[in-house]
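Residue numbers (this note's numbering): 734 to 808.
Report on one structure; see the data block that follows.
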């Protein structure tokens, strides 16, 4: 871990949050893949932290101004 996630938490809090051995069988499973939206934490214009769903990958700009994801293939 590079440390950017521990700036607002103590080491104990960061460890408890990311400890995989603390997972329970009934915990929610979340899957994030390149073609799905994922929650990204970033700062808004006022410097407040917000969570916005974003897509990972490359996009093409369509004629109507919208962006659509391009397929990412391993070669």
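Every residue, glycine too, gets a C-beta built ideally from N, C-alpha and C.
- Taking the Cβ atoms as the reference, residue 763 lies roughly 15 Å from residue 774, outside the contact range of under 8 Å.
- In the displayed model, residue 782 falls within a strand according to three-state DSSP.
- Selection 777, 753 and 770 evaluated against residue 788 yields 770 as nearest (Cα-Cα).
- The alpha-carbon separation between residue 743 and residue 755 amounts to approximately 18 Å.
- For residue 800, the pairing in a beta bridge is given by DSSP as 794.
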